[in-house]
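S.K.:
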Amino acid sequence: MPLRCLVVDCGGVTHPDSGLKEAVRKRVASADAAQAQSAAAAAKAQWSAMRDDPRATKEDFWQQISVACGLESSAAAEADAEICATLRGAGVESIFSTSPTRGAMWTFLVLALVSSAASETARCQKNGAPVFLQFGTRFSQGSMTFSSQGEDPDDFPEEHPDVPYCYGSFGAVAAQEGESLGSGMKDVSLADCKRACNSQEECRSFTFCEHWAQCFLKKQILTGQEPTKPNDDCRSFFKTTSCEAEQRGPATVKVVSYNLYWWNAFGLKENGWKRDGILQNIKSELRPDTIGFQECDSPELLTGRTGLEVASKFAGAQGIMVKPKKFRILMAGSRDLEATGKWGTRYMTWAKLEDRNERRFWHFNTHWCVHSNANHVCDEETRYRGAKTMVKAIHELVGSEPVIVTGDFNAEMDERGPQHFLQSGFKLAVNEWVDSIFYSNDWELVSQGTGSAAGSDHHPVYAELRLKPSPSALHVK
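If you count the sequence shown from 1, position 474 lands on 456 in my numbering, and the numbers rise without skipping.
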């Protein structure tokens, strides 16, 4: 049966040489229906193994596909154009070109989806079953694979599950990272990076930078005993032979608490310089993973300028934002503290977050009441009542899971309200005036500090917290 439909993934090849083009000619000339069906079946098997990815929607994958070779539209790069010309010369009528903009995992999933949806693709079904060709990248299974020398190392692998590689990790980057495979992957998660390394036999380790969502595959064999070097939040991971030996590096979170002085810095037109200073401070200096804001009347004004996303309801002008793609937001809510002052009802807000390694914790934020001049409608007793309400609610919500608390407590640390947190099992990470960060026993404090006010009447406070290997319950008295 003549071959009439292919899915082509150039896999990072930008200048295909004559060997690559010869490989294309060879494969097109030799392909038959049986091979096509074998390739489709193998791709379907791996798609089935991956389809529980919560982000894996059909629309996501199809958006990665551009129809090339002069069909409906053409956005093919120069490399694709050369391949397309070769294939057209061999009589291939329909070619789909994938653009792996989100890394090797997305590239594979696009190919797999095309295979599983082949019956819906009239152009591919009209003259024959689909065959998948990949150039430059090597997946452990699914599609045929060519090197730039025209080799075909896999030749339609049989259907079988993913190779169950597990990974050990360092707390930093291996001092000797070794030779890279390709130029790196952008906008990816740790899971994406593991899948990409699994798919290439030459990949023995990789460097993953969570802050930048970047991954660099390496040929270097590591054991976990090598010296390391600091490099932002980047870490080295390495393949292990036993899944029981897999190590998950400690999760480190940078948490910030910041009162924005909204009515003055954002509410008065002549104070635009304060607003700009605060926004730049958040984006460029503080760079939080998760942040609790107080006096934030319009959170939507912050998201576009800071790159953060809203993680909780903003109740009483306070709430939580997080770095996009750093966490999944599993739950969010708010509660009246029953400690109202002159300026209205006071609340606690929260978000339950999960990182890329499926480690979960809760972030609570608050802004306690304050008295105003002679009108002392809020006092220490009111704040203490709010503290007891808050600690009790936290205990009821989280059980034994890790907790971080941020806030403008409008109280010195020797007041009964803040002391109630300490007496209830929390630790103090940092305090500046009335702004504080508390944390449960599940964390260890890495660093803490006070930032520039940058136009606010409060200095932001921040802490880097690392989850302990074995979380311990927070015992509330």
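The beta-carbon is built from N, C-alpha and C at its ideal position, and this holds for glycine as well.
1) If I measure Cβ to Cβ from Cys191 and keep anything under 7 Å in the same chain, skipping five residues before and after, which residues do I get?
2) Starting from Asn241, follow its DSSP beta bridges and name the residues at the other end.
3) Per DSSP, which one or two residues make a beta bridge with Thr285?
4) Less than 8 Å between the C-beta atoms of Ala321 and Ser294, yes or no?
5) Does the region 438 to 447 come into contact with the region 235 to 250, if we say contact requires no fewer than three beta-carbon pairs (one atom in each stretch) closer than 8 Å?
6) Can you tell me whether Leu449 is helix, strand or coil according to DSSP?
7) Using the C-alpha atoms, what's the distance from Lys251 back to Trp245?
8) What do you get for Thr285, buried or exposed, if any count of 16 or more other CB atoms within 10 angstroms of its CB means buried?
9) Who does Glu291 pair with in a DSSP beta bridge?
10) Give the straight-line distance between the Cα atoms of Gly326 and Gly368, rounded to the nearest whole angstrom.
11) Please report how far the alpha carbon of Leu268 lies from the alpha carbon of Glu184, in whole angstroms.
12) Report the rounded CA-to-CA distance for Leu449 versus Asp258, giving the unit in angstroms.
13) To the nearest angstrom, report how far apart Thr479 and Ile264 are at their CA atoms.
14) Three Cβ pairs or more, each shorter than 8 Å: is that satisfied between the region 328 to 347 and the region 272 to 280?
15) What residue does the beta strand (DSSP E) around Arg217 start on, and which one ends it?
16) Cβ atoms of Gln207 and Met502: under 8 Å apart, would you say?
17) Provide the residue(s) that pair with Phe190 in DSSP beta bridges, ordered along the chain.
18) Check whether the Cβ atoms of Ala393 and Trp425 sit closer than 8 Å, and answer yes or no.
19) From Glu159, Leu163, Cys175, pick the residue whose C-alpha is nearest to that of Ile203; which is it?
20) Work out the CA separation of Gly433 and Lys221 for me, nearest whole Å.
21) Pro451: buried (16+ other C-beta within 10 angstroms of its C-beta) or exposed?
22) Quick check on DSSP: helix, strand or coil for Phe403?
23) Less than 8 Å separating the beta-carbons of Gly323 and Thr364?
24) Compute the Euclidean distance between the alpha carbons of Phe198 and Ser266, then round it to the nearest angstrom.
25) How long is the line joining the alpha carbons of Phe152 and Ser187, rounded to whole angstroms?
26) Whole angstroms are fine: how far does the CA of Gly431 sit from the CA of Leu447?
27) Does the ligand ATP have even one heavy atom less than 7 Å from the beta-carbon of Cys351?
28) Quick check: Ala333 and Ile376, are their CB atoms within less than 8 Å of each other?
29) For Leu250, which of helix, strand or coil comes out of DSSP?
30) Which same chain residues, not among the five before or five after Leu261, have their C-beta less than 8 Å away from its C-beta?
M.R.: Walking through what the data contain:
1) By one-based count along the sequence shown, residue 191 stands at place 209. Asp214, Asp215, Cys216.
2) Counted from its first residue, the sequence shown places residue 241 at position 259. Under DSSP, Asn241 shares a beta bridge with Gln276.
3) Translated into the one-based positions of the sequence shown, residue 285 becomes position 303. None, per the DSSP bridge assignment.
4) As a position in the sequence shown, residue 321 is number 339, starting the count at 1. As a position in the sequence shown, residue 294 is number 312, starting the count at 1. No, the Cβ-Cβ distance between Ala321 and Ser294 is not below 8 Å.
5) Touching, yes, given that three or more Cβ pairs across the two stretches are closer than 8 Å.
6) Walking along the sequence shown from the start, residue 449 turns up at place 467. Correct three-state label for Leu449: strand.
7) Here the question's residue 245 lines up with position 263 in the sequence shown. Here the question's residue 251 lines up with position 269 in the sequence shown. Going by the C-alpha atoms only, they are around 10 Å apart.
8) Translated into the one-based positions of the sequence shown, residue 285 becomes position 303. With fewer than 16 other Cβ atoms within 10 Å, it is exposed.
9) Looking up residue 291 in the sequence shown gives position 309. Partner(s): Val304.
10) As a working note, residue 326 is residue 344 in the sequence shown. As a working note, residue 368 is residue 386 in the sequence shown. Taking C-alpha positions only, Gly326 is separated from Gly368 by approximately 13 Å.
11) Mapped onto the sequence shown, residue 268 falls at position 286. Mapped onto the sequence shown, residue 184 falls at position 202. Spanning the two alpha carbons is a distance of roughly 39 Å.
12) For the purposes of this step, residue 449 is identified with residue 467 of the sequence shown, where counting begins at 1. For the purposes of this step, residue 258 is identified with residue 276 of the sequence shown, where counting begins at 1. Straight across, the Cα-Cα distance linking Leu449 with Asp258 is about 34 Å.
13) Shown here, the chain extends from -17 to 459; a query on residue 479 therefore has no answer.
14) Touching, yes.
15) Within the sequence shown, numbered from 1, the residue matching residue 217 stands at position 235. Note, Arg217: beta strand (DSSP E), 216 to 222.
16) Residue coverage of the chain in this structure runs from -17 to 459, which leaves residue 502 outside it and unanswerable.
17) Walking along the sequence shown from the start, residue 190 turns up at place 208. For Phe190, which the question treats as bridged, DSSP gives the partners Cys197, Arg217.
18) Within the sequence shown, the letter at position 411 stands for residue 393. Within the sequence shown, the letter at position 443 stands for residue 425. No, these two residues do not count as a Cβ contact at 8 Å.
19) Taking the first residue of the sequence shown as 1, we reach residue 203 at position 221. The candidate whose alpha carbon is nearest that of Ile203 is Glu159.
20) Here residue 221 is taken as the residue at index 239 of the sequence shown, counted from 1. Here residue 433 is taken as the residue at index 451 of the sequence shown, counted from 1. Each residue's Cα considered, the two are about 39 Å apart.
21) Along the sequence shown, one-based indexing puts residue 451 at 469. It is exposed - the Cβ of Pro451 has fewer than 16 other Cβ atoms within 10 Å.
22) Residue 403 sits at position 421 when you count from the first residue of the sequence shown. If DSSP states are grouped into helix, strand and coil, Phe403 belongs with the helices.
23) For the purposes of this step, residue 323 is taken as residue 341 along the sequence shown, with counting starting at 1. For the purposes of this step, residue 364 is taken as residue 382 along the sequence shown, with counting starting at 1. Their beta carbons are under 8 Å apart, which means Gly323 touches Thr364 by this criterion.
24) As a working mapping, residue 198 is identified with position 216 in the sequence shown. As a working mapping, residue 266 is identified with position 284 in the sequence shown. Going by the C-alpha atoms only, they are around 25 Å apart.
25) By one-based count along the sequence shown, residue 152 stands at place 170. By one-based count along the sequence shown, residue 187 stands at place 205. Approximately 11 Å between the Cα atoms of the pair.
26) Your numbering for residue 447 matches position 465 in the sequence shown. Your numbering for residue 431 matches position 449 in the sequence shown. The alpha-carbon of Leu447 is positioned some 12 Å away from that of Gly431.
27) The ligand ATP is absent from the structure shown, which contains no ligand whatsoever.
28) As a first step, residue 333 is located in the sequence shown; it is residue number 351 there, counting from the start. As a first step, residue 376 is located in the sequence shown; it is residue number 394 there, counting from the start. No, they are not a contact pair.
29) Counting from 1 along the sequence shown, the entry for residue 250 is found at position 268. Three-state DSSP puts Leu250 in coil, outside helix and strand.
30) On the sequence shown, position 279 is the one that residue 261 refers to. Only Leu284, Arg287, Thr288 meet the Cβ criterion.
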